[in-house]
Amino acid sequence: MQEKPAKEKQSGGAWSGRFSEPVDELVKRFTASVAFDKRLALFDIQGSLAHAQMLAEVGLLSETDLGNIRLGMERIRGEIESGKFHWSVDQEDVHMNIERRLTELAGDAGKRLHTARSRNDQVATDIRLYLRDAIDRLQDRIRAFQLALLDLAETHAATVMPGFTHLQVAQPVTFGHHLMAYFEMLKRDAGRLSDARKRVNQLPLGSAALAGTGYPIQRERVAALLGFDGICENSLDAVSDRDFAIETANACAMIMIHLSRFSEELILWMSPRYGFIRLADRFCTGSSIMPQKRNPDVPELVRGKTGRVIGHLMGLFTLMKGQPLAYNKDNQEDKEPLFDTVDTVLDSLTLYADMMGGLTVNAEAMRAAAREGFATATDLADYLVKKGLPFRDAHEVVARAVRHAEEQHCDLADLPLETLKQFSDLVGPDVFEVLTLEGSLASRSHIGGTAPQAVRAAIQRAREAFQ
Ligand code: ARG
């Protein structure tokens, strides 16, 4: 004679039949995921509806049951969207909460939905549907940010600034060229997400708990209904591996790395020592004790949040490491880091796109800084090389000229021709064409170079590729 106290029915309702005592309260809270995986609800319903339709098509579910499941799910969707759905920790996770409500609404039809399925392939499907959608949204935001970069780069295709190596003034570049460097990074970021999407978009459903199912299911049909590109070909692998999630998190971490580099630059450029740019007030905050302060909070936070996104990636790697086949509860821990990663990157990209529109440039300060560090010294060396001097000798000549200019507290371009001639008799009056910032920029006109015309061509190519 089997006894089933009412209490047991509540906690672990779907599996309590096997157990002789109720689950400990802390264990219940510790093992439940509903507090966070309820975010998967709409994907869970989407997956369930496709599964139910397939079950009906192969004769495992009656048309009446399918109809009732659809009606029930419609109702549940409405309840969730309006915030009226009652989430219960007694039902452990999003899957069982929805199934319990469906059974209330649709009776036995609700109980039949789980035929030929397990929560293991169900959750793997949900997380893939979630990530596919997340990737598409991330791609949209990357694109919006890239378009904002193109607009700003176009405005500043000829705005001269110092280019740095080792954070020391190296050679003049255009601000447009500098911005287009980030455009390229984002292009690769988008490519990484597209690559990950191919492996995300494979259907695990049909793998059931781990070994597949004895029912005559049609996995291809479910894949087609859900818009998956293909089917996971090994049931043990399908329910257990989360490499597709790690890949996506990696692409996200890379985006944050790139944004953190840009953040660092914006922060430096905004400091009065540089004074290159000004960020719109809406991206800055003041200080509660120092009235003069305008702090670049948004870039600073993006730089800071890069840490947590990289942390989530490390967390996911570590979560997967050493897990034996097949599904283990460890995998329940994939969700919070993934959700937070996607939320953080979406917000950061959105803010960055917006920030480009609110960025004003102090072209005079940029130009003055480019003139300070003998940024055209390489151009003088190249000039001498073109006149026949070996590069190493030219380097030596220019080093001496720079030392002299430094003593005179002036730029190379400010030295009189006669003075420059003293360092090499190859110097002629045409030397000033290369010593000016504009001359230096204009000479680097090949693809990938910083000449305004090369930058405009790069912007043009980028715009065409977007069409
Ligand atoms: N909440 C679980 C997760 O996120 C769903 C799968 C649970 N499967 C199981 N056999 N306990 O991974």
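Residues 716 to 1182 in our numbering are what the sequence shown lists, from first letter to last. Here a beta-carbon is modelled for each residue, glycine too, at the ideal position from N, C-alpha and C. Keep in mind the model is a prediction, meaning the values are calculated, not measured.
*Exposed or buried, what is Cys-699 when buried is set at 16 or more other beta-carbons lying within 10 Å of its beta-carbon?*
The question about residue 699 has no answer, for the chain in this structure spans 716 to 1182.
*In angstroms with no decimal places, state the Cα-to-Cα distance between Ile-932 and Val-954.*
What you label residue 932 is simply residue 217 of the sequence shown in a count that begins at 1. What you label residue 954 is simply residue 239 of the sequence shown in a count that begins at 1. Cα to Cα, Ile-932 sits roughly 17 Å from Val-954.
*So which of Leu-918, Val-773, Arg-832, Ser-1160 has the shortest CA-CA distance to Leu-844?*
Here the question's residue 844 lines up with position 129 in the sequence shown. Ranked by how close their Cα comes to the Cα of Leu-844, the residues Leu-918, Val-773, Arg-832, Ser-1160 have Leu-918 in first place.
*Tell me whether Ala-896 sits in a helix, a strand or coil according to DSSP, three-state version.*
Your numbering for residue 896 matches position 181 in the sequence shown. Helix at Ala-896.
*Taking C-alpha atoms, which residue in Met-769, Lys-743, Gly-798 lies nearest to Lys-753?*
The residue you call residue 753 lines up with position 38 of the sequence shown. Considering only Met-769, Lys-743, Gly-798, the residue with the shortest C-alpha distance to Lys-753 is Gly-798.
*Alpha carbon to alpha carbon, how far is Gly-1001 from Gly-1030? Give it in angstroms, no decimals.*
Looking up residue 1030 in the sequence shown gives position 315. Looking up residue 1001 in the sequence shown gives position 286. Between Gly-1030 and Gly-1001, the C-alpha separation is close to 35 Å.
*Nearest candidate by alpha-carbon position, reference Met-1035, set Ala-1080, Ile-961, Val-1057*: Here residue 1035 corresponds to residue number 320 of the sequence shown, with the count starting at 1. Among Ala-1080, Ile-961, Val-1057, the Cα nearest to that of Met-1035 is on Ile-961.
_Best match in Glu-1015, Pro-987, Tyr-1042 for proximity to Asn-1077 [C-alpha to C-alpha]_ = Position 362 of the sequence shown, counted from the first residue, corresponds to residue 1077. For the residues Glu-1015, Pro-987, Tyr-1042, the minimum Cα distance to Asn-1077 belongs to Pro-987.
*Nearest to Thr-963 by alpha carbon, out of Glu-1111, Ala-924, Gln-854, Val-1146?*
Your numbering for residue 963 matches position 248 in the sequence shown. Of the candidates Glu-1111, Ala-924, Gln-854, Val-1146, the one whose C-alpha sits nearest the C-alpha of Thr-963 is Gln-854.
*Given Gln-861, which residues of its chain have a CB within under 6 Å of its CB, disregarding the five upstream and five downstream residues?*
Within the sequence shown, numbered from 1, the residue matching residue 861 stands at position 146. Taken in chain order, the residues that qualify are Phe-898, Leu-901.
_Does the beta-carbon of Tyr-930, which I'm using as the reference point, lie nearer than 8 Å to any heavy atom of the ligand ARG?_
Residue 930 sits at position 215 when you count from the first residue of the sequence shown. It does not: the Cβ of Tyr-930 is nowhere closer than 8 Å to a heavy atom of the ligand ARG.
*Any chance the CB of Val-838 is under 8 Å from a heavy atom of the ligand ARG?*
Position 123 of the sequence shown holds residue 838. Indeed, a heavy atom of the ligand ARG lies less than 8 Å from the Cβ.
*Out of curiosity, what's the CA-to-CA distance linking Leu-1135 and Val-1142?*
Position 420 of the sequence shown, counting from 1, holds the residue named residue 1135. Position 427 of the sequence shown, counting from 1, holds the residue named residue 1142. Approximately 7 Å, taken between the alpha carbons.
_Nearest-angstrom Cα separation, counted from Pro-887 out to Leu-846_ = Within the sequence shown, numbered from 1, the residue matching residue 846 stands at position 131. Within the sequence shown, numbered from 1, the residue matching residue 887 stands at position 172. Taking the straight line joining both Cα atoms gives about 42 Å.
*From Ser-1158 to Asp-1094, what does the alpha carbon distance come to, in whole angstroms?*
In the sequence shown, the residue the question calls residue 1158 occupies position 443. In the sequence shown, the residue the question calls residue 1094 occupies position 379. Within the model, the alpha-carbon separation for Ser-1158 versus Asp-1094 is close to 9 Å.
*With a CB to CB cut of under 7 Å and the five nearest residues on each side skipped, what residues in its chain are close to Asn-965?*
To locate residue 965, count along the sequence shown from 1; it is residue 250. Taken in chain order, the residues that qualify are Leu-1028.
*Sort Leu-820, Ala-771, Met-1071 by Cα distance to Val-937 and report the nearest one.*
In the sequence shown, counting from the first residue as 1, residue 937 sits at position 222. Of Leu-820, Ala-771, Met-1071, the residue nearest in Cα terms is Ala-771.
*Would you mind working out which of Thr-1091, Val-1149, Gln-1175, Leu-1130 sits nearest Val-884, comparing C-alpha positions?*
The residue given as residue 884 occupies position 169 in the sequence shown. Here the closest residue by C-alpha is Thr-1091.
_First through last residue of the beta strand (DSSP E) which encompasses His-992_ = Locating residue 992 in the sequence shown gives position 277, where the first residue counts as 1. Reading off the sequence, residue 992 comes out as Ile, not His. Note, Ile-992: beta strand (DSSP E), 992-994.
*Could you tell me if Met-877 is buried or exposed, where buried requires 16 or more neighbouring beta carbons within 10 angstroms of its beta carbon?*
Sequence index remark: in the sequence shown, residue 877 carries index 162 (1-based). It is Pro, not Met, that sits at residue 877 in the sequence shown. Answer is buried; the Cβ neighbour count reaches 16.
*Inspect the beta-carbon positions of Ser-748 and Gln-1047 and report whether they are closer than 9 Å.*
As a first step, residue 748 is located in the sequence shown; it is residue number 33 there, counting from the start. As a first step, residue 1047 is located in the sequence shown; it is residue number 332 there, counting from the start. Yes. Within cutoff.
_In whole angstroms, give me the CA-to-CA distance for Leu-1066 and Ala-849._
For the purposes of this step, residue 1066 is taken as residue 351 along the sequence shown, with counting starting at 1. For the purposes of this step, residue 849 is taken as residue 134 along the sequence shown, with counting starting at 1. One Cα belongs to Leu-1066, the other to Ala-849, and the distance between them is close to 17 Å.
_Straight-line Cα distance separating Ala-872 from Glu-1015_ = Your numbering for residue 1015 matches position 300 in the sequence shown. Your numbering for residue 872 matches position 157 in the sequence shown. Cα atoms of Glu-1015 and Ala-872: separation of roughly 27 Å, rounded to the nearest angstrom.
_Please classify Phe-745 as buried or exposed, where buried requires at least 16 other C-beta atoms within 10 Å of its C-beta._
Counting from 1 along the sequence shown, the entry for residue 745 is found at position 30. Exposed, since its Cβ has fewer than 16 Cβ neighbours within 10 Å.
*asked:* Just to confirm, is the Cβ distance from Gly-1073 to Asp-866 under 9 Å?
replied: The sequence position of residue 1073 within the sequence shown is 358, counting from 1. The sequence position of residue 866 within the sequence shown is 151, counting from 1. Taking 9 Å as the Cβ cut-off, Gly-1073 and Asp-866 do not qualify as a contacting pair.
*Could you tell me whether the stretch 973-987 touches the stretch 1009-1026, using the rule of 3 or more Cβ pairs below 8 Å?*
Yes: the two stretches touch, three or more of their Cβ pairs being nearer than 8 Å.
*Reduced DSSP category for Glu-718 - H, G, I as helix; E, B as strand; rest coil*: Within the sequence shown, residue 718 is the residue found at index 3, counting from 1. Residue placement at Glu-718 is flagged as unreliable, the pLDDT there being 43, under the threshold of 50; the coordinate-derived value follows with that caveat. Residue state, collapsed to three classes: coil.
*Does DSSP put Gln-1189 in a helix, in a strand, or in coil?*
Absent from the structure is residue 1189, since the part of the chain shown begins at 716 and ends at 1182.
*Which parts of the stretch 943-987 are runs of the alpha helix (DSSP H), unbroken and 4 residues or longer, counting only runs that do not cross its ends?*
As far as the stretch 943-987 is concerned, its whole alpha helix (DSSP H) runs of at least 4 residues are 950-955, 958-985.
*Report the three-state DSSP secondary structure of Gln-883 (helix, strand or coil).*
In the sequence shown, counting from the first residue as 1, residue 883 sits at position 168. Three-state result, Gln-883: strand.
*CB of Ile-857 within 9 Å of CB of Ile-972, strictly*: The count along the sequence shown starts at 1 and reaches residue 857 at position 142. The count along the sequence shown starts at 1 and reaches residue 972 at position 257. Remark: C-beta atoms of Ile-857 and Ile-972 do not approach each other more closely than 9 Å.
*Over what stretch of residues does the beta strand (DSSP E) that includes Val-1076 continue unbroken?*
By 1-based counting over the sequence shown, the position of residue 1076 is 361. For Val-1076, the enclosing beta strand (DSSP E) begins and ends at 1074-1076.
_With the cut-off set at 9 Å, would you say Ile-992 and Leu-974 are in Cβ contact?_
Along the sequence shown, one-based indexing puts residue 992 at 277. Along the sequence shown, one-based indexing puts residue 974 at 259. Going by beta carbons, Ile-992 and Leu-974 fall outside the 9 Å limit.
*Please check if any C-beta of chain B sits within less than 9 Å of the C-beta of Thr-1165.*
Among the chains in the structure shown there is no chain B, since it carries only a single protein chain.
*Please report the residue range of the alpha helix (DSSP H) in which Phe-1147 lies.*
Here residue 1147 refers to the residue found at position 432 of the sequence shown. Counted as a single uninterrupted DSSP element, the alpha helix (DSSP H) harbouring Phe-1147 occupies residues 1146-1150.
*Using 10 angstroms around the beta-carbon of Ala-863, count the other beta-carbons present and answer buried if the total reaches 16, otherwise exposed.*
Along the sequence shown, one-based indexing puts residue 863 at 148. In this structure Ala-863 is buried. Its beta-carbon is surrounded by 16 or more other beta-carbon atoms within 10 angstroms.
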